[in-house]
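If you use this note's numbering, the sequence shown corresponds to residues 1 to 158, in order.
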Amino acid sequence: MRHRVAGRKLGLPTDQRMALLKGLVRNLILNEGIITTEPRAKEARVMAEKLITTAKKGWFAKDDSELTPEERAQKVHAIRMARRLMPAPRMPKSVLAMKGEKQKAAKAAIREHDAVKHLFEDVCPKVADRKGGYTRITKVGFRRGDNASLVKLELVLD
């Protein structure tokens, strides 16, 4: 019996499951929608909702210089939580092999697509007036091969 047991194991060890969910949440924030299996979407939805709520608490429409110490601490906490749940992608070996200005330019281009930056600059302003329910799950059919139920997990930004 699974009484009072929250969450799904998804048939994976903890480290692999967390890596999978972090990747799903990161892609959800960057692309504002993903197609995956239903159990994975339901687990990713929980993480995404908590992440967006934390980010909203740390997002302020005013400039950093106008923030009170409490607001600044809240913002730092929100950024740290977002970075923990959506780590930046690893640098490809080709970028690491570059030297000097080429490497700096390549790293800057990769960082430009940073999910945390997108979360705070694009997603938070759009969901600032919502109390919750930032995601929506829509059934899209069944996967060819194993007939797994596929769903689209998307951000509700209207």
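Ideal placement from N, C-alpha and C gives every residue a C-beta, glycine not left out.
For K139, the enclosing beta strand (DSSP E) covers residues 135-142. The bridge partners DSSP lists for L155 are T135. Between the alpha carbons of P87 and N147 lies a gap of roughly 32 Å. Around the beta carbon of R90, fewer than 16 other beta carbons sit within 10 angstroms, so the residue counts as exposed. Contact check between the stretch 67-86 and the stretch 49-58: three or more CB pairs, one atom from each, fall below 8 Å, which counts as touching.
Judged by beta-carbon spacing, L51 lies beyond the 9 Å limit of L153, meaning their Cβ atoms are not closer than that value. Distances from the alpha-carbon of V156 to those of R144, C124, R143 put C124 closest.
Apart from the 5 residues on each side of it in sequence, M81 sits with its Cβ closer than 6 Å to the Cβ of T54 in its chain, given in chain order.
Under the DSSP definition of a beta bridge, S149 partners with F142. Secondary-structure assignment with DSSP links G33 through a beta bridge to E154. Excluding the 5 residues flanking it on each side, Q103 has same chain C-beta neighbours closer than 7 Å at V95, in chain order. Taking 9 Å as the cut-off, the beta carbon of L10 is found closer than this to the beta carbon of E43.
Under the three-state reduction of DSSP output, V95 falls in the helix class. For the pair L28 and T135, the CB atoms are nearer than the 9 Å cut-off.
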